[in-house]
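Residue numbers (our numbering), protein chains in the order written: chain B, 195 to 347; chain P, 3 to 683.
Below you'll find the structure, written out as structure tokens, and then a few comments.
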Amino acid sequence: MEIRLKVNGRSYVFDVPPRMLLAHLLRDRLGIRSVRIGCDTGHCGACTVLLNGEPVKSCNVFAFMADGGEVVTLEGLNDRLAAALKRAFVEEHALQCGYCTSGMIVSLYGLLKDGRQTSEGEIRRAIRGNLCRCTGYTSIVRAAVRAQRYVSS
Amino acid sequence: MRELWEVVNGQVEYIDDIRLPGETYLFVLRSPYPHAVVKAIAPPKRGLLFLTSKELTAYMPARDVEGVRHVARMPVLAVDRVKFVGQPVAAVLVEDKYEGEDVLDEAYVDYEPLPSISTIEQALRGDVIVHEGAPDNISVEDVVKGGDLDAFNKAEVVVESEVRQSRVVPNPLEPKGCVAYFDGEVLHMYVSTQAPFRVRQDVAEALGLPPERISVKAPRNVGGGFGNKVPAYPEYVIAAYASMRLRRPVKWIETRREHLNNPTHGRDLYSKVQIYARRDGKIIGIRGSIIVNIGAYNFTINTRAARFIASLLMAPYEIEAVDLRAVGVYTNLPPTGPYRGGGRPEAALIQEFAVERLAEELGLDPFEVRVKNAAGDGFKTPTGWQLGPYGGRALLARAAEVYRDVTKRYPNAGVGVAFFAEHVRVVPGESCRIRIEGCKVRVGLGGIGPHGQAHRTAFQVLASRLLGISQEDVVVELADTEASPWGVGSFGSRSLSAGAGALYDAVQKLMAKTRELGLQWPRDICRAEGLEVVGEYKGQDAFGGGVHIAVVELDPDTLRPEVKYYYAVDNVGNILLEDEVRAQIEGGIAQGVSQVFFEEAKYDSEGNPAFMTIADTGFPTAEDLRIDPHIDYVVIPSPNPGGFLGVGETGTTGGLAAAYIAVYKAMRKLGLSPRHKTPAV
Numbered sequence: 195m196e197i198r199l200k201v202n203g204r205s206y207v208f209d210v211p212p213r214m215l216l217a218h219l220l221r222d223r224l225g226i227r228s229v230r231i232g233c234d235t236g237h238c239g240a241c242t243v244l245l246n247g248e249p250v251k252s253c254n255v256f257a258f259m260a261d262g263g264e265v266v267t268l269e270g271l272n273d274r275l276a277a278a279l280k281r282a283f284v285e286e287h288a289l290q291c292g293y294c295t296s297g298m299i300v301s302l303y304g305l306l307k308d309g310r311q312t313s314e315g316e317i318r319r320a321i322r323g324n325l326c327r328c329t330g331y332t333s334i335v336r337a338a339v340r341a342q343r344y345v346s347s
Numbered sequence: 003m004r005e006l007w008e009v010v011n012g013q014v015e016y017i018d019d020i021r022l023p024g025e026t027y028l029f030v031l032r033s034p035y036p037h038a039v040v041k042a043i044a045p046p047k048r049g050l051l052f053l054t055s056k057e058l059t060a061y062m063p064a065r066d067v068e069g070v071r072h073v074a075r076m077p078v079l080a081v082d083r084v085k086f087v088g089q090p091v092a093a094v095l096v097e098d099k100y101e102g103e104d105v106l107d108e109a110y111v112d113y114e115p116l117p118s119i120s121t122i123e124q125a126l127r128g129d130v131i132v133h134e135g136a137p138d139n140i141s142v143e144d145v146v147k148g149g150d151l152d153a154f155n156k157a158e159v160v161v162e163s164e165v166r167q168s169r170v171v172p173n174p175l176e177p178k179g180c181v182a183y184f185d186g187e188v189l190h191m192y193v194s195t196q197a198p199f200r201v202r203q204d205v206a207e208a209l210g211l212p213p214e215r216i217s218v219k220a221p222r223n224v225g226g227g228f229g230n231k232v233p234a235y236p237e238y239v240i241a242a243y244a245s246m247r248l249r250r251p252v253k254w255i256e257t258r259r260e261h262l263n264n265p266t267h268g269r270d271l272y273s274k275v276q277i278y279a280r281r282d283g284k285i286i287g288i289r290g291s292i293i294v295n296i297g298a299y300n301f302t303i304n305t306r307a308a309r310f311i312a313s314l315l316m317a318p319y320e321i322e323a324v325d326l327r328a329v330g331v332y333t334n335l336p337p338t339g340p341y342r343g344g345g346r347p348e349a350a351l352i353q354e355f356a357v358e359r360l361a362e363e364l365g366l367d368p369f370e371v372r373v374k375n376a377a378g379d380g381f382k383t384p385t386g387w388q389l390g391p392y393g394g395r396a397l398l399a400r401a402a403e404v405y406r407d408v409t410k411r412y413p414n415a416g417v418g419v420a421f422f423a424e425h426v427r428v429v430p431g432e433s434c435r436i437r438i439e440g441c442k443v444r445v446g447l448g449g450i451g452p453h454g455q456a457h458r459t460a461f462q463v464l465a466s467r468l469l470g471i472s473q474e475d476v477v478v479e480l481a482d483t484e485a486s487p488w489g490v491g492s493f494g495s496r497s498l499s500a501g502a503g504a505l506y507d508a509v510q511k512l513m514a515k516t517r518e519l520g521l522q523w524p525r526d527i528c529r530a531e532g533l534e535v536v537g538e539y540k541g542q543d544a545f546g547g548g549v550h551i552a553v554v555e556l557d558p559d560t561l562r563p564e565v566k567y568y569y570a571v572d573n574v575g576n577i578l579l580e581d582e583v584r585a586q587i588e589g590g591i592a593q594g595v596s597q598v599f600f601e602e603a604k605y606d607s608e609g610n611p612a613f614m615t616i617a618d619t620g621f622p623t624a625e626d627l628r629i630d631p632h633i634d635y636v637v638i639p640s641p642n643p644g645g646f647l648g649v650g651e652t653g654t655t656g657g658l659a660a661a662y663i664a665v666y667k668a669m670r671k672l673g674l675s676p677r678h679k680t681p682a683v
């Protein structure tokens, strides 16, 4: 079936099988590496992207369900908040193996994009669907707090 | 750190990002039964190639089998019988990866189910015999003893303690995977691995190929390992074989569902030990048994697990005697293997819980009991480990005030102390090749397989320092059997210690060679184009150590545990990347604590998994796991070149024991009976 999709600012028309997942479309047709597969049950969040501005797990969305929509992946996040998040992740050493990192940043971007100050509890809630084995999460929470500070200053 | 910027900017390459033209995809049909006879296999109608053990009869190597009573190597594809749920039975190669699972569905296997077992107790009772050659289900049974065994007679008190440590799914966020391609001469393999040379050796042995004809490299990024990505797996062997048959690249990417029931799982052991002591708290020795459920086969180094744990027990204490039975039993579960810490956390938990119980029994302060018995630097344990400058007494001195403070500050909490000597596996060393190319120095450490430890940066910093050149002029090549002549791997907290030793040697040789050629280093670097040297290091294992203090409160109604405070002081040896040291320890602690609070791969008594998803295995989310440890350290240079130790596992070693004891004590404070197992709540 034919779908229209905007991905990181560019418009595409795809012919996709009905059961194709958005995650596979992004990885296999567009070669987007930040979308990663870590589980097959929607738990790990390594494939998180923004769909029409909201974080979604792209393995939980059939490609056709995104028809007419706009997808933004880590590669497409280039504004001040994204820069603040990336810098804070590096400075807080909030990543090790890196497999979960793009999903984490996308989820946190979704939380922080309104510019509202958020609590540690809200940050943890926003990333509870993004699993990380390396860090124990605390450095990621610290990075989110630091990124907020960068954006609001 | 550039390495971290690359990740946040998405400049990464994990195994599934490697795409070779004409690649085909491997899918594996797995046993749904914990134990069954495979009566017949009907192939699917489609697919490029369908493999069973009829064509590919091969076995995975098992290491450290000397002195082992029975060895049952795991077949690459089941031969006549399956012995655990998830065991590979047949394989199919397909052109279109979206069709793989459909094609698998077309294959049909006729099984005749057999009785099966999953626990250590069932194995020892002999309810079911897993391998005919081992009628008591015992693969390995050894006595680990040393010191003056008569000393046990001097004891005034004997305190027994038992602990069950749960079976844990390693769950790196990136599952395993490989891409194999045979060019007619050489078998090229990209593998998401911690140890390329080990994978090469395993594949070579399984297929009967000379290792020189196999080249193994990890992609630039490996998405976590935790011990699970050290050996080769049956799927790698199948992919290698199929690529030779098809003369096309073959890719296998493990799904999470597969990972949950695939080798290797971690931990799964039972220990019952008796600590012998005087009434004043002076410890004399330890006796008892450590029994590891190694699963259905001898695979990777699971024959070593019980023996290694036994040898480490009580390491940081100046005791006189050790007498332990180390056993590995077969069950109908996936084979176990090293999991973050590979024996160190297990040993620390058994040992520290025993010391805690002793203090409790004698009514002594548990911290003081540790101080009283702490071995000085240079102590040689009754089992033969030379601790060297491990720093135990300095660590206890540093932690003493924190301990006094938290016991006052948190009267309702359980305060758990873990004191341990941390083993760093340097033996049998690493090699390093240095080559001058384009006015830059290429440093090859092919055995080092980073999977989240910023090793590329660490060796770049160290090499630039040793060579007196800028970091930009150093290119580090890791995890590639072509990058240096031989190597071992990144596990056992060894990468920096062993790798730096090889690098020091190579740098010395480079300097000697440039002098010989009349070149002035580094001024004449461009005139040294093409110069190549090989260094190696075959040093001794080293010990660091740590004291971890966990303060845990349990909600009286829900028993939900809360870490009120966590303090860790570790001897980390000389430091190269301070932020990385902290990050490794912090993450390691989280992984240890997580096992105490949440993690268990539960099976029923017949070996059927009671978990279907990563969440079911107790993998914590950011809302479950809230711990912000206070990381402290002491720096005592190790005897190895550069004075480095390793910090990949010390957090887990301390975290598992400290959190376990904290929960035990918190339950006691609430008047509840502790469970004597992980998860402890």
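Think of the CB as a built atom: it goes at the ideal place given N, C-alpha and C, for glycine as much as any other residue.
Item to check | Interface partners of ALA617 (chain P) on chain B, CB under 8 Å | outcome: Those within 8 Å of ALA617 (chain P) in chain B are THR235 and HIS237.
Item to check | Among P:ARG32, P:TYR16, P:SER245 and P:LYS147, nearest to GLU2 (chain P) - alpha-carbon criterion | outcome: What is shown of chain P runs 3 to 683, which leaves residue 2 (chain P) out entirely.
Item to check | Bounding residues of the beta strand (DSSP E) (the contiguous stretch that carries GLU555 (chain P)) | outcome: 544-556
Checklist entry - CB ALA64 (chain P) to CB THR305 (chain P), shorter than 8 Å? => result yes
Checklist entry - Thinking C-alpha only, which one of P:VAL331, P:GLU8, P:THR195 and P:ALA92 is nearest PRO137 (chain P)? => result Minimum Cα distance to PRO137 (chain P) is reached at P:VAL331.
Item to check | Contact with chain B by PRO174 (chain P), beta-carbon distance below 8 Å | outcome: Cβ-Cβ to chain B under 8 Å: yes for PRO174 (chain P).
Next on the checklist: Give me the subset of the region 319-336 of chain B whose CB atoms are less than 9 Å from a CB atom of chain P, sorted by chain position.
Outcome noted: ARG319, ALA320, ILE321, ARG322, GLY323, ASN324, LEU325, CYS326, ARG327, CYS328, THR329, GLY330, TYR331, THR332, SER333, ILE334, VAL335 and ARG336
Next on the checklist: Between ASN223 (chain P) and chain B, is the shortest Cβ-Cβ distance under 8 Å, so that the two count as touching?
Outcome noted: yes
Checklist entry - Would GLU582 (chain P) count as contacting chain B if we go by Cβ distances under 8 Å? => result yes
Next on the checklist: Taking beta-carbon pairs under 9 Å, can you tell me which members of the region 454-488 of chain P lie near chain B?
Outcome noted: GLY454, GLN455 and ALA456
Item to check | Rounded separation between LEU447 (chain P) and GLN586 (chain P) - CA only | outcome: 21 Å
Next on the checklist: Can you list, in chain order, the residues of its chain with a C-beta nearer than 8 Å to that of PHE199 (chain P)? Leave out the 5 residues immediately preceding and following it.
Outcome noted: VAL218, GLY448, GLY449, THR483, TRP488, GLY489, VAL490 and GLY491
Item to check | Alpha-carbon to alpha-carbon, VAL161 (chain P) and GLU363 (chain P) | outcome: 7 Å
Item to check | Heavy atom of the ligand COA within 7 Å of ALA278 (chain B) beta-carbon | outcome: Questions concerning the ligand COA fall outside what the structure shown contains, since it holds no ligand whatsoever.
Checklist entry - Can you round the beta-carbon distance between PRO698 (chain P) and GLU15 (chain P) to whole angstroms, since I take them to be within the 8 Å contact cut? => result Because chain P in this structure spans residues 3 to 683, residue 698 (chain P) falls outside the shown range and cannot be described.
Checklist entry - Can you tell me whether LYS382 (chain P) is buried or exposed, with buried defined as 16 or more other CB within 10 angstroms of its CB? => result exposed
Next on the checklist: So with CB distances below 7 Å, who are the chain P contacts of THR295 (chain B)?
Outcome noted: VAL9 and VAL10
Checklist entry - Listed from N- to C-terminal order along the chain, which residues in the region 16-29 of chain P have their beta-carbon within a distance smaller than 8 Å of any beta-carbon of chain B? => result Correct list: TYR16, ASP18 and ASP19.
Next on the checklist: On the criterion of 16 or more Cβ atoms from any shown chain inside 10 Å, does GLU5 (chain P) qualify as buried, or is it exposed?
Outcome noted: buried
Checklist entry - What residue range is occupied by the uninterrupted beta strand (DSSP E) comprising ASP526 (chain P)? => result Segment: none, ASP526 (chain P) is in no beta strand (DSSP E) and carries neither H nor E.
Next on the checklist: Give me the DSSP bridge partner(s) of ASN300 (chain P).
Outcome noted: Answer is P:ARG75, bridged to ASN300 (chain P).
Checklist entry - Residues in the region 198-229 of chain B with C-beta within 9 Å of chain P's C-beta atoms, listed in sequence order? => result PRO211, ARG213, MET214, HIS218, ARG221, ASP222, GLY225, ILE226, ARG227 and SER228
Checklist entry - Would CYS294 (chain B) be called buried (16 or more neighbouring beta carbons within 10 Å of its own) or exposed? => result buried
Item to check | CB contact flag (TYR206 (chain B), ALA278 (chain B), <8 Å) | outcome: Cβ distance not < 8 Å, so TYR206 (chain B) and ALA278 (chain B) don't count as in contact.
Checklist entry - Just to confirm, are ILE285 (chain P) and ALA308 (chain P) a CB contact at a threshold of 8 Å? => result no
Checklist entry - Going along the region 259-290 of chain B in order, which residues come within less than 7 Å of chain P, judged by CB to CB distance? => result LEU268, GLU269, LYS280, PHE283, VAL284, HIS287, LEU289 and GLN290
Checklist entry - Is any beta-carbon of chain B found at less than 8 Å from that of LEU627 (chain P)? => result yes
Checklist entry - Near ASN202 (chain B), what residues of its chain come up, given a Cβ to Cβ distance below 7 Å and the 5 sequence neighbours on each side ignored? => result Within the same chain, VAL266, THR267, GLU269 and GLY270 come within 7 Å of ASN202 (chain B) by CB-CB distance, once the 5 residues on both sides are set aside.
Checklist entry - Looking at the structure shown, is ILE277 (chain P) part of a helix, part of a strand, or coil, going by DSSP? => result ILE277 (chain P): strand per DSSP, three-state reduction.
Item to check | Between the CA atoms of TYR27 (chain P) and CYS241 (chain B) - distance to the nearest angstrom | outcome: 21 Å
Checklist entry - Mind listing which residues of the region 297-311 of chain B have their C-beta closer than 8 Å to chain P's C-betas, in chain order? => result Against chain P - using a Cβ distance shorter than 8 Å - the residues of the region 297-311 of chain B are ILE299.
Next on the checklist: According to DSSP, simplified to helix, strand and coil, what is ARG83 (chain P)?
Outcome noted: ARG83 (chain P): strand per DSSP, three-state reduction.
Item to check | Proximal residues of chain P, C-beta to C-beta of GLY247 (chain B) below 7 Å | outcome: Within chain P, no C-beta atom comes nearer than 7 Å to that of GLY247 (chain B); the closest sits roughly 20 Å away.
Checklist entry - Going by the beta-carbon positions, is the gap between LYS511 (chain P) and VAL478 (chain P) smaller than 8 Å? => result Inclusion of LYS511 (chain P) and VAL478 (chain P) in the CB contact set at 8 Å is not warranted, their separation being larger than that value.
Checklist entry - Under three-state DSSP, which class holds LYS251 (chain B)? => result strand
Checklist entry - Going by DSSP, which residues form a beta bridge with CYS434 (chain P)? => result P:GLY537
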